[in-house]
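Visitor: Structure incoming, see below.
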Amino acid sequence: MDYVAALLPPVVMAAFFIGLVVTIVKSQGGPNKAKEDAAVDMALAGAEPVQQTPRSDRA
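Residue numbers (the working numbering): 96 to 154.
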């Protein structure tokens with residue numbers, strides 16, 4: 096019975112991970128895709144660095 100106790104946690108974690116991946120794949124696309132894409136585009140636009148003019152007083 097020790098082998099059951101040793102194998103149970105990895106099997107449970109593997110099942111949870113497979114369920115998580117399936118949920119992520121199923122949630123891609125659909126009616127909320129445009130909203131999600133717009134939110135990502137806004138976040139990326141806000142994260143773009145501001146261009147600075149080079150300083151000429153460096154020695």
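Beta carbons: idealized from backbone N, C-alpha and C, even for Gly.
Go ahead and pull the three-state DSSP assignment for residue 114.
Guide: On the sequence shown, residue 114 is found 19 positions in, with the first residue counted as 1. The answer is helix: DSSP assigns residue 114 an H, G or I state.
Visitor: If you draw a straight line from the alpha carbon of residue 110 to that of residue 102, how long is it in whole angstroms?
Guide: As a first step, residue 110 is located in the sequence shown; it is residue number 15 there, counting from the start. As a first step, residue 102 is located in the sequence shown; it is residue number 7 there, counting from the start. Their backbone Cα atoms lie some 12 Å apart in a straight line.
Visitor: In three-state terms, what does DSSP make of residue 96?
Guide: Numbered from 1 along the sequence shown, position 1 holds the residue referred to as residue 96. Looking at residue 96 - three-state DSSP - the assignment turns out to be coil, as it is neither helix nor strand.
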